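Engineer:
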Amino acid sequence: MPFPPVDEQMDVLRRGVDEILPEEDLVEKLEESRTTDTPLTVKLGCDPSRPDLHLGHTVVLRKLRQFQDLGHRAILIVGDFTGMIGDPSGRSKTRPALTLEETRRHGQTYYDQATRILDPDKTEILYNSEWLDEMSFSDVIELASTYTVARMLEREDFKNRYDAGQPISIHEFLYPLAQGQDSVHIEADVELGGTDQRFNLLLGRHLQEKTAGQDPQVCMMLPLLEGTDGSKKMSKSLDNAIGITEAPEDMYGKTMSIADDLIYRYAELVSDIPTDDLPKVKQFAEENPRDAKAQLAENIVTQYHGEDAAQKAREHFEQTVVQGDVPDDLPEYRPEAGAGEEVGLLNLMSGAGLTESNSEARRLIEQGAVSIDGDTVEDTGLYVDVSAAAPFVLQVGKRRYARVVWNGAE
RNA sequence: GGGUCGGUAGCGAAGUGGCCAAACGCACCAGACUGUAAAUCUGGCGGCUCAGCCUUCGGAGGUUCGAAUCCUCCCCGGCCCA
């Protein structure tokens with residue numbers, strides 16, 4: 072099974088990439104791999120603390136898939152050990168350190184989702200606790216001695232926090248080292264990561280050379296995909312993410328809500344559209360952003376849910392968003408009510424899960440956001456005889472619906 | 001260990017004895033508008049049996065007619081010194 076020519080491989084691998092450090096090393100490694108008929112070992116580390124994958128994660132997973140398709144070896148390293156200690160980004164200090172069991176479970180979830188993109192037969196999965204947990208304190212000290220505080224503080228994240236007077240725990244300095252140690256352990260040829268991983272990836276190079284005399288890995292950095300808000304990177308906590316396990320309708324709708332000038336970027340990074348067709352997409356996006364986006368949305372939904380679901384999602388979008396109609400399938404709610412019994416609308420709304428509190432329900436009514444079968448409700452104190460009025464459609468805002476059904480005599 | 005500053009709603013940040021359910025910004029929700037779940041504008045954004053009432057300002061006590069605001073102790077963090 073010969074590898075494709077290096078030029079061809081590079082053409083595939085360059086798509087969407089932000090930076091390859093150093094690029095000539097990659098070419099060299101590919102050449103050597105081809106002459107010796109040995110696949111490259113490509114590493115991707117993943118953080119099991121947040122196992123819900125979104126399109127942002129898929130940028131780098133897709134790249135890994137490309138390596139697989141070219142015949143190389145993909146290793147997914149689940150950071151179960153690092154996840155056990157806590158969170159390195161310092162953003163959520165309150166996040167409890169996970170137990171080994173939890174990180175394993177999350178790791179499995181991650182793998183299950185990642186293999187929607189990766190080729191499961193060609194994906195090796197390793198847990199870094201396997202080797203990191205075995206290291207003694209003196210091993211760690213030795214590892215730590217190869218790097219300096221000043222260099223650690225070069226990392227933007229650390230520098231910013233240090234300058235802003237925010238706390239940095241000592242163990243956070245150990246994280247990049249641990250990640251680098253992973254590269255040493257598997258003797259990675261290439262490590263993939265987002266552009267925010269630059270420092271950590273480079274540290275892997277450093278450790279491979281300094282502590283193990285290995286040929287240092289090539290660092291390949293991919294852009295951080297902007298979220299649906301159009302500016303900040305996609306992240307679940309910013310609530311601008313499109314999850315890969317989300318319902319087709321949601322995926323479609325969220326994709327339609329991205330900014331027009333992000334269409335090309337999404338097409339390049341998270342669509343199946345062939346590289347040769349990308350220029351056409353770019354032009355299309357400028358001429359007719361609405362349709363270009365619809366095409367993109369369909370492409371994305373198809374990848375995760377298939378063509379039929381994508382079609383349905385498109386129809387659903389047309390119906391509910393473009394035309395403002397009530398969707399066909401909406402959740403049913405059967406309140407407990409006897410014949411002729413009147414139920415407060417506020418209770419109906421929270422009972423149907425449309426609102427979280429009666430105060431919220433009241434506010435929404437006052438704002439004209441609540442309707443019954445399309446008629447806007449104005450009275451916050453409205454009582455409904457469910458047995459007589461049901462079934463009817465209760466709508467809150469644009470996207471919250473329930474079909475209220477009477478459950479018969481009680 | 002010492003000094004000093006700080007811990008306020010999802011986040012950031014005002015307020016420093018009554019007019020505080022707590023300014024403002026972000027996020028979020030709704031209405032209008034739109035090809036759009038974008039942008040923009042407007043309103044909302046603790047809870048309740050809602051023109052009133054109840055629970056909130058790191059924690060526990062205390063002073064006071066009355067405290068997020070004053071005092072005591074404790075917990076957590078920044079900075080400086082050792």
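In our numbering, the protein residues as written are 72 to 481. The beta carbon of each residue, even a glycine, is placed where N, CA and C say it ideally should be. All of these numbers come straight from a predicted model, not from anything done at the bench.
1) Which residue wins for smallest C-alpha separation from His256, given the options Gln288, Asp78, Leu135 and Ser240?
2) Does DSSP classify Asp400 as helix, strand or coil?
3) Give the secondary structure of His177 by DSSP, where H, G and I count as helix, E and B as strand, and everything else as coil.
4) Quick test of your reading: Val392 and Gly301, contact by CB under 8 Å. State the CB separation rounded to the nearest angstrom.
5) What did DSSP end up calling Thr217 once you bin it into helix, strand or coil?
6) Give a yes or no on whether the C-beta atoms belonging to Lys353 and Tyr335 are separated by under 8 Å.
7) Could you check whether Leu189 and Arg136 sit closer than 8 Å to each other, using their CB atoms as the reference points?
8) Closest to Gly422 by CA distance: which of Pro406, Gly411 and Val457 is it?
9) Under the DSSP definition of a beta bridge, which residues are partnered with Ile196?
10) Return the CA-CA distance between Gly452 and Glu243, expressed in angstroms with no decimal places.
11) Going straight from the alpha carbon of Ala473 to that of Thr219, what length do you get?
12) At what residues does the beta strand (DSSP E) containing Ser442 begin and finish?
13) My guess is that Ser200 and Leu224 are in contact by the Cβ rule of under 8 Å, so how many angstroms apart are they, rounded?
14) Under the DSSP definition of a beta bridge, which residues are partnered with Met327?
15) Using a Cβ-Cβ cutoff of less than 8 Å, which residues in the same chain neighbour Gln80 once the five nearest sequence positions on both sides are dropped?
16) Just the Cα atoms here: how many angstroms apart are Asp400 and Lys383?
17) Tell me the DSSP bridge mates of Thr129?
18) For Ala221, collect the residues of the same chain with a Cβ closer than 8 Å to its Cβ; drop the 5 residues on either side in sequence, then sort them by chain order.
Structural biologist: Answer, in terms of the structure:
1) Mapped onto the first sequence, residue 256 falls at position 185. Residue Gln288 is the option with its Cα nearest to His256.
2) As a working note, residue 400 is residue 329 in the first sequence. In this structure, Asp400 counts as coil in the three-state DSSP scheme.
3) Residue numbering aside, residue 177 sits at position 106 when the first sequence is read from its first letter. Note: His177 maps to helix in three-state DSSP.
4) For the purposes of this step, residue 392 is taken as residue 321 along the first sequence, with counting starting at 1. For the purposes of this step, residue 301 is taken as residue 230 along the first sequence, with counting starting at 1. 18 Å between Cβ atoms; not a contact.
5) The residue given as residue 217 occupies position 146 in the first sequence. Coil.
6) Counting from one through the first sequence, the residue named residue 353 turns up at place 282. Counting from one through the first sequence, the residue named residue 335 turns up at place 264. Yes, they are a contact pair.
7) For the purposes of this step, residue 136 is taken as the residue at position 65 of the first sequence. For the purposes of this step, residue 189 is taken as the residue at position 118 of the first sequence. Yes, the pair counts as a contact, with Cβ atoms nearer than the cut-off.
8) Start at 1 with the first residue of the first sequence, and residue 422 comes out as number 351. Nearest C-alpha to Gly422: Pro406.
9) Here residue 196 corresponds to residue number 125 of the first sequence, with the count starting at 1. Note: Ile196 sits in a beta bridge opposite Leu147.
10) Position 381 of the first sequence, counted from the first residue, corresponds to residue 452. Position 172 of the first sequence, counted from the first residue, corresponds to residue 243. Cα to Cα, Gly452 sits roughly 55 Å from Glu243.
11) Position 402 of the first sequence holds residue 473. Position 148 of the first sequence holds residue 219. Cα to Cα, Ala473 sits roughly 59 Å from Thr219.
12) For this step, residue 442 is matched to residue 371 along the first sequence. From DSSP, the beta strand (DSSP E) with Ser442 extends over Val441 to Ile443.
13) Within the first sequence, residue 200 is the residue found at index 129, counting from 1. Within the first sequence, residue 224 is the residue found at index 153, counting from 1. About 28 Å separates the Cβ atoms of Ser200 and Leu224, ruling out a contact at the 8 Å cut-off.
14) Locating residue 327 in the first sequence gives position 256, counting from the first residue. Answer is none; Met327 lacks a bridge partner.
15) As a working note, residue 80 is residue 9 in the first sequence. So the qualifying residues of the chain are Phe74, Leu101 and Leu141.
16) For the purposes of this step, residue 400 is identified with residue 329 of the first sequence, where counting begins at 1. For the purposes of this step, residue 383 is identified with residue 312 of the first sequence, where counting begins at 1. Straight-line Cα distance between these residues: approximately 12 Å.
17) Numbered from 1 along the first sequence, position 58 holds the residue referred to as residue 129. None, per the DSSP bridge assignment.
18) Looking up residue 221 in the first sequence gives position 150. Once the five neighbours on either side are set aside, Ala221 has no close Cβ partner at all.
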